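**Q**
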Amino acid sequence: MNRILSSVFLSRKCDWGKSSLQVNLLDSRTVMGDLGWIAFPKNGWEEIGEVDENYAPIHTYQVCKVMEQNQNNWLLTSWISNEGASRIFIELKFTLRDCNSLPGGLGTCKETFNMYYFESDDEDGRNIRENQYIKIDTIAADESFTELDLGDRVMKLNTEVRDVGPLMRKGFYLAFQDVGACIALVSVRVYYKKCPSVVRNLVIFPDTITGADSSQLLEVSGSCVNHSMTEETPKMHCSAEGEWLVPIGKCMCKEGYEEKNNTCQDSILPGELRMGYKFTCILKCFYTRCWQTWHGCRPGFFKASPQSQTCSKCPPHSYSHEKASASCICEEHFYRRESDPPTMACTRPPSAPRNAISNINETSVFLEWTPPADSGGRKDVSYDIVCKKCNSHSSLCEECGSHVRYLPQQNSLRNTSVMVVDLLAHTNYTFEIEAENGVSDLSPSARRYVAVNVTTNQAAPSPISIVKKGKIAKNSISLSWQEPDRPNGIILEYEIKYFEKDQETSYTIIKSRETEITADGLKPSSPYIFQIRARTAAGYGSFSRRFEFETSPVSVAASSDQSQIPIIAVSVTVGVILLAVVVGFFLSGRRCGYSKAKQDPEEEKMHFHNGHIKLPGVKTYIDPHTYEDPNQAVHEFAKEIDASCITIERVIGAGEFGEVCSGRLKLPGKREFAVAIKTLKVGYTEKQRRDFLGEASIMGQFDHPNIIHLEGVVTKSKPVMIVTEYMENGSLDSFLKKNDGQFTVIQLVGMLRGIASGMKYLSDMGYVHRDLAARNILINSNLVCKVSDFGLSRILEDDPEAAYTTRGGKIPIRWTAPEAIAFRKFTSASDVWSYGIVMWEVISYGERPYWEMTNQDVIKAVEEGYRLPSPMDCPAALYQLMLDCWRKDRNSRPKFEEIVSMLDKLIRNPSSLKTLVNASNRVSNLLVEHNCLGTGAYRSVSEWLEAIKMGRYTEAFVENGYSSMDTVTQVTLEDLRRLGVTLAGHQKKIMNSIQEIRVQLVNGMVPL
C-alpha cells in the first residue's frame, strides 16, 4: 500500500492550490494514429513523420511552393468539440523559412500564413466553401530559418497563441491557408481555460469554464463543506484567465465541530485521522486516479466516452450515486436538454423579467424591461408577449386578437423591448412578458412573467373609407359618408376638402357635424376631388382617399343666354394685360435697357437640370421634384439593386411608408455587409411611391462621412425598397437616454463636430434640412453621427413633434427658428438655430427641449427673448455657442463652417472645456424656466422627480421617508445608492438638482 501511494505521489504532483487549469480539446503531438486532417489541393500541404526532442513520433505538415505563382493551399482539421466552452485558445508551433535566404530572392515568397475557423454542430459538415470560414488572424514568425540553419540542424521554433469567441455551436473546424510560404506546422494544441474546483473559507467551488469575454468575471455559487453552514450563499468570481477572484461570504463549522485544514472535524476524532496537509494531498491524488483503475468512476464522478482518459466530477447541480456512471443526474428542479453536452451544468428556467415599464403613445405601447435576475444558468433566454384586453367594469380579460401588431415580433424576442401597435383607444390592456430558455418546456412549474397594465390614450379617428354621392346638379354635388371604422372617441365634426381636378393648389374647406353635405358654387361639367376627415378631442384623423365626382353639364339654352358675358370679360381682361405689359416695357427701357429683380440672398435657391440652369464646376443640390418624370430622378441619383442581393433579417421599426428592417447586402465581387432597408407598404398609391423614392433621390446626391449613405434602391420588383448603411445604435436621442452620463465631454463634442460637418456639407450644396433634431441623427457603434431623414421638404403630417403654424403647414416648433415659424423662412441660418437645439439635446443626454411647455408657449417665450438654460455640467464655451446659434437676427448666427472650426479648436484644447457655466447663471436660468412653465417651486417630491425625468424613483424616495422637499435637501450620494439609484448619470442629475434647490433656498428664491 505504501509503495503504491509513493509511486502515485512521485508520478503526479498534487493540483491543490493551482490557480488556473487548461483543458486540451486537441493536441496533435499526443495523437498516435491518423489525425484525419484534409489538405487541398492534394499537392499542397504534406504530412511528414517526425520525432520530438524525446524521440516520440509527431504529426508535422509542411508546404514550400515558393517557386510557383498564386498559391492557395488549405489544411482542414477534423471536427473539434468545444465541450461547452465559449472561448477557446489555439497554440501553434511552427518553423518558417526566410524568403531572403532563397535563391534569387523570389518575389512571390511569403513569410506568413492564415488561420481560419468554422462553427458547426455537425461532425460531417467539413465540406464547405472557403468564404464560409471566418479568419482568426494572419500568423507571422518571430524567427525564421535560413539555409545555413538547415545545415547546422538549427530549427528555430515559433510559438503563437490566438483565442476565438464567443462560440455558439457544439464544435468547430480549424483551417490553415498557405499563400506561398515555406513553412512546417509542427504542432497544434487547442484548449480552453477553467477555474479548477477549490475549497476556500469552508466553501466548495466547482470546476467552472471561463466566460466568452476576455474581461468577463463569472459569478459562481459555492456550497458548504460537511458539518458547516451559512446564512447566505457564498460566491466567488472566475476570471477569463481561470483564476478565482473576489470571494464573497464564507461558511462556519456547526456546533461540536472545529475548523482544521479547510474542513470541519469532530473534536473527539481519533488522532490517526487528524492528518496533515501533505497526506491529504496524497490521498486526493490517489482517489482521483487509483479508484478509477480499481473500481471505475467513484460516486460524484462520471466518464461520458471511452476517449476520456479520466473521470470527471459531476457538473454543478447534478450527481451520481452509482459507481462507473456514464453521466450525472440533474438535481430536483434542474434540467438538461438532449442537445446539452454531459459536461454542461444542469440548468433551470429563468426567473421573471424585472423592472417592466411602458410608454403609451395614443394607441401604441412601447414596452421595455430588464433581463431576469436569474437566467437559470443559460444564455438562450428569450421573451414572449401575451396581450390581453380587459373590461374596465370587471376583471374579465380576453386575448387581443390578430389585428394587434408587434414590432419586431411577439414571440422568441431576444432584445428587451417591443412596440405594440394598432390597439384600441381608451381600452385597458394587460401585457404579460414571459421569460423562457432552453429548459423551460421541461419544467412543470408556473410561467415566469411580469405583467404591465396600461390604458391607451385618446387617438385620432381612422380614415373614412366609404363616401357616396347624392344629388348632382350643374353647380352642386351632394355627398354622404359613414363614420370611421375606429372613431376612437366622440366625433366632434367633419372637415371636407374639395377642389377642381388638376387645380389642387386652390381648394375649399367645409366643416359639418353631420355625415352629409352639399357643395355648391361649382362649375358645370367639371370633375371635382373630395376628401373627408373626422375630428375628436384628440384632433383630426387622416384624410380619406380621393373621391372624384363630376357636375352635370349646362343646358344649351342657358349656355346661349350667357354666351356673351364670358366673351366680354375675356376681351376686357386681355386689354388690361396688354396695357400693363407695354407700360412696364416702357418704364424699364427708360432706365438701362433691362431690370434685374432684387433677390434676397437668404432665399432658398432653385436648381434646374436637363435643359435648366446649373452652375458649371460646382456640385449643387437638385430638387427631384423639378423633374417631370420622378422615376428619372431616382435612376439618375440612386443605384438600382437586384432584390436577390438583399437578405432581410428582422424588423427594427416602422416608417411613414412601411417597415424599416435590418439585413445584409451582398453585391457581386464584394463582401457581404449590414444594411438598413426601408420598404414601401403594400397597396401604395403612385404619389406615395413618388414621395417614398423622393428621399432616395435626395440622399443619392450626398457623399459625406457624416451623412447617411444610400446604397441603392429596388424599384423593378416588389416590395420597393431603399437600402442605406446600417447604424447599430439607432437614433441619437434614444441612444443618449439609454446611456445617460456615460460619456466624456470630449466624446459629446466629437458627436457634435460630426453633425456640424455633415450640415456644412449640406449647406455648401445649397440644401436646407428643415428638421434637424437628435431624433433625425443616427449613430453607429463607433459613435459616428450621421444626418438622416430628408423627408421634411415634402411632408410632416406624421411627425408628433410638428405643429400647425398660423401660415399653414406643419413644422417642428421646438427645433425651428422664429423666422421660419412666422414667415416660413427656411435657410441654412434656420438650420443653425436647429443645430443649437441639437447641441442642447446632446449635452443634456436627450432631454426634451422646453420640457412640457406647449408649442404656443415656446413660440411666445422665444419671441420674448427666452432661451433654453444651460444643461447640467455644460462647458461655458459650448453654451455660448448654443446662444450664438439662437440669435434672433439670422445674419448674426455663425455659419456651419465657423461652428466646425470652433469645435475643432475645443477638441484640440480640452482644457477649454473645463470651465463650466457658473451656478448663479444656472439659478437665474432655472427661475426663467419656472416662470415660463408657470410652476414656481416644486409642490411635492413626485413633481420634482418628474420635472427632472427621474420619476421612476418616486416610490423609493417616499418609502424611505423623503416625503417633502425639506427632507430631499438633506439627501447625500450615499443615500441615493441606498435608495437604489445605481446609474452614475442618474445620481449626477439628481444631486445637481438638489444642489440647485439648496442654492435657491440660501438666496431666498424658492420657499419649500
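Going by UniProt numbering, the first residue of the sequence shown is number 1, and it counts up by one from there. All C-beta atoms in this analysis are idealised placements derived from N, C-alpha and C, irrespective of residue type, glycine included. Keep in mind the model is a prediction, meaning the values are calculated, not measured.
Could you please give me the residues that DSSP links to residue 177 through a beta bridge?
**A** For the purposes of this step, residue 177 is identified with residue 177 of the sequence shown, where counting begins at 1. 74, 114.
**Q** Between the alpha carbons of residue 1023 and residue 140, how many angstroms are there, rounded?
**A** Nothing in the structure corresponds to residue 1023, since the chain is present only between 1 and 1008.
**Q** Measuring CB to CB, does residue 507 end up less than 8 Å from residue 532?
**A** Along the sequence shown, read from residue 1 onward, the residue named residue 507 stands at position 507. Along the sequence shown, read from residue 1 onward, the residue named residue 532 stands at position 532. It is not a contact, given that the beta carbons lie outside the stated cut-off.
**Q** Is the distance from the Cβ of residue 768 to the Cβ of residue 827 below 8 Å?
**A** Residue numbering aside, residue 768 sits at position 768 when the sequence shown is read from its first letter. Residue numbering aside, residue 827 sits at position 827 when the sequence shown is read from its first letter. Against a cut-off of 8 Å, the Cβ pair of residue 827 and residue 768 comes out as a contact.
**Q** Using the rule of at least 16 other Cβ atoms within 10 Å of the residue's Cβ for burial, across every protein chain shown, is residue 336 buried or exposed?
**A** The sequence position of residue 336 within the sequence shown is 336, counting from 1. It is buried - the Cβ of residue 336 has at least 16 other Cβ atoms within 10 Å.
**Q** Could you tell me the distance, in whole angstroms, from the CA atom of residue 168 to the CA atom of residue 119?
**A** Within the sequence shown, numbered from 1, the residue matching residue 168 stands at position 168. Within the sequence shown, numbered from 1, the residue matching residue 119 stands at position 119. Cα to Cα, the separation comes out at about 8 Å.
**Q** Would the beta-carbon of residue 638 fall within 8 Å of that of residue 674?
**A** For the purposes of this step, residue 638 is taken as residue 638 along the sequence shown, with counting starting at 1. For the purposes of this step, residue 674 is taken as residue 674 along the sequence shown, with counting starting at 1. No; because the gap between Cβ atoms is not below 8 Å, this pair is not in contact.
**Q** Among 195, 207, 217, 260, whose alpha-carbon lies nearest the alpha-carbon of residue 226?
**A** Position 226 of the sequence shown holds residue 226. For the set 195, 207, 217, 260, the Cα lying nearest the Cα of residue 226 is the one of 260.
**Q** For residue 814, which of 775, 781, 787 has the nearest alpha-carbon?
**A** Against the sequence shown, residue 814 aligns to sequence position 814. Closest option to residue 814, Cα to Cα, is 775.
**Q** Is the separation between the beta-carbon of residue 240 and that of residue 214 shorter than 8 Å?
**A** The residue you call residue 240 lines up with position 240 of the sequence shown. The residue you call residue 214 lines up with position 214 of the sequence shown. It is a contact, given that the beta carbons lie within the stated cut-off.
**Q** Using C-beta distances below 8 Å, list every residue in its chain close to residue 549, excluding the 5 sequence neighbours before and after it, in chain order.
**A** Here the question's residue 549 lines up with position 549 in the sequence shown. The answer, listed in chain order, is 469, 472, 477, 479, 527, 528, 530.
**Q** Let me know if residue 69 comes out buried or exposed under the rule of 16 or more other beta-carbons within 10 Å of its beta-carbon.
**A** In the sequence shown, counting from the first residue as 1, residue 69 sits at position 69. Looking at its Cβ environment, which holds fewer than 16 other Cβ atoms inside 10 Å, residue 69 is exposed.
**Q** Take residue 370 and list the residues in its own chain whose beta-carbon comes closer than 6 Å to its own, dropping the five residues that flank it on each side.
**A** In the sequence shown, the residue the question calls residue 370 occupies position 370. Correct list, in chain order: 354, 355.
**Q** Hey, is the stretch 829-840 in contact with the stretch 886-900, meaning 3+ C-beta pairs nearer than 8 Å?
**A** yes
**Q** What are the boundary residues of the beta strand (DSSP E) that residue 238 is part of?
**A** Within the sequence shown, numbered from 1, the residue matching residue 238 stands at position 238. Counting along the chain, the unbroken beta strand (DSSP E) around residue 238 starts and ends at 235-238.
**Q** Does the contact criterion of 3 or more C-beta pairs under 8 Å hold for the stretch 340-348 versus the stretch 401-416?
**A** Verdict: no, contact absent.
**Q** Flag this pair as yes or no: are the beta carbons of residue 218 and residue 210 separated by less than 8 Å?
**A** Residue numbering aside, residue 218 sits at position 218 when the sequence shown is read from its first letter. Residue numbering aside, residue 210 sits at position 210 when the sequence shown is read from its first letter. In contact: residue 218 and residue 210 (Cβ atoms closer than 8 Å).
**Q** Between the stretch 236-255 and the stretch 185-203, do three or more beta carbon pairs fall short of 8 Å?
**A** yes
**Q** Helix, strand or coil: how does DSSP classify residue 953 here?
**A** What you label residue 953 is simply residue 953 of the sequence shown in a count that begins at 1. In the structure shown, residue 953 sits in a helix (DSSP, three-state: H, G or I).
**Q** For my contact list, residue 181 and residue 89 are in at a C-beta cut-off of 8 Å; report their separation, rounded to the angstrom.
**A** The residue given as residue 181 occupies position 181 in the sequence shown. The residue given as residue 89 occupies position 89 in the sequence shown. The pair is not a contact, with the Cβ atoms about 23 Å apart (cut-off 8 Å).
**Q** Put residue 830 into one of helix, strand or coil per three-state DSSP.
**A** Here residue 830 corresponds to residue number 830 of the sequence shown, with the count starting at 1. Reduced to three states, the DSSP call for residue 830 is helix.
**Q** Can you check whether the CB of residue 62 is closer than 8 Å to the CB of residue 184?
**A** Within the sequence shown, residue 184 is the residue found at index 184, counting from 1. Within the sequence shown, residue 62 is the residue found at index 62, counting from 1. The answer is yes: Cβ separation under 8 Å.
**Q** Relative to the alpha-carbon of residue 882, which residue among 917, 972, 851 has its alpha-carbon at the smallest distance?
**A** One-based indexing of the sequence shown puts residue 882 at position 882. Nearest of 917, 972, 851 to residue 882, Cα basis: 917.
**Q** Considering only DSSP beta bridges, list what residue 501 is partnered with.
**A** Position 501 of the sequence shown, counted from the first residue, corresponds to residue 501. Its beta-bridge partners do not exist; DSSP assigns none.
**Q** Would you kindly work out how many angstroms separate the C-alpha atoms of residue 95 and residue 47, rounded to a whole number?
**A** Residue numbering aside, residue 95 sits at position 95 when the sequence shown is read from its first letter. Residue numbering aside, residue 47 sits at position 47 when the sequence shown is read from its first letter. Going from the Cα of residue 95 to the Cα of residue 47 covers about 15 Å.
**Q** Identify whether residue 875 lies in helix, strand or coil by the three-state DSSP scheme.
**A** Within the sequence shown, the letter at position 875 stands for residue 875. Looking at residue 875 - three-state DSSP - the assignment turns out to be strand.
**Q** Between residue 653 and the rest of its own chain, which residues show a CB-CB distance below 6 Å, the 5 nearest in sequence each way excluded?
**A** Residue 653 sits at position 653 when you count from the first residue of the sequence shown. Taken in chain order, the residues that qualify are 660.
**Q** Which term fits residue 914, buried or exposed, when burial requires 16 or more other beta carbons within 10 angstroms of its beta carbon?
**A** Position 914 of the sequence shown, counted from the first residue, corresponds to residue 914. With fewer than 16 other Cβ atoms from the protein chains shown falling within 10 Å of its own Cβ, residue 914 counts as exposed.
**Q** When we look at the beta-carbon of residue 593 and count the other beta-carbons within 10 Å, is it buried (16 or more) or exposed?
**A** What you label residue 593 is simply residue 593 of the sequence shown in a count that begins at 1. In this prediction, residue 593 scores a pLDDT of 30, lower than 50, which makes its location untrustworthy; the coordinate-derived value is nonetheless stated afterwards. It is exposed - the Cβ of residue 593 has fewer than 16 other Cβ atoms within 10 Å.
**Q** Mind checking residue 865: buried by the 16 CB within 10 Å criterion, or exposed?
**A** As a working note, residue 865 is residue 865 in the sequence shown. Exposed is the call here.
**Q** Within the stretch 721-766, note down every full alpha helix (DSSP H) run reaching 4 residues or more, in order along the chain.
**A** 732-738, 745-764
**Q** For the putative contact between residue 243 and residue 20, defined by C-beta atoms under 8 Å, what is the C-beta separation to the nearest angstrom?
**A** By 1-based counting over the sequence shown, the position of residue 243 is 243. By 1-based counting over the sequence shown, the position of residue 20 is 20. Right, the Cβ-Cβ distance comes to about 5 Å (below 8 Å), so this counts as a contact.
**Q** With a 10 Å radius around its C-beta and 16 neighbouring C-beta atoms as the bar for buried, classify residue 144 as buried or exposed.
**A** Stepping through the sequence shown from its first residue, residue 144 is reached at position 144. It is buried - the Cβ of residue 144 has at least 16 other Cβ atoms within 10 Å.
**Q** Have a look at residue 746 and residue 993 and give me their C-alpha separation to the nearest angstrom.
**A** Locating residue 746 in the sequence shown gives position 746, counting from the first residue. Locating residue 993 in the sequence shown gives position 993, counting from the first residue. Those two C-alpha atoms are separated by around 23 Å.
**Q** If the criterion is Cβ atoms closer than 8 Å, does the pair residue 129 and residue 173 meet it?
**A** For the purposes of this step, residue 129 is taken as residue 129 along the sequence shown, with counting starting at 1. For the purposes of this step, residue 173 is taken as residue 173 along the sequence shown, with counting starting at 1. Their beta carbons are not under 8 Å apart, which means residue 129 does not touch residue 173 by this criterion.
**Q** For the pair the stretch 441-461 and the stretch 423-431, tell me if three or more CB-CB distances fall below 8 Å.
**A** yes
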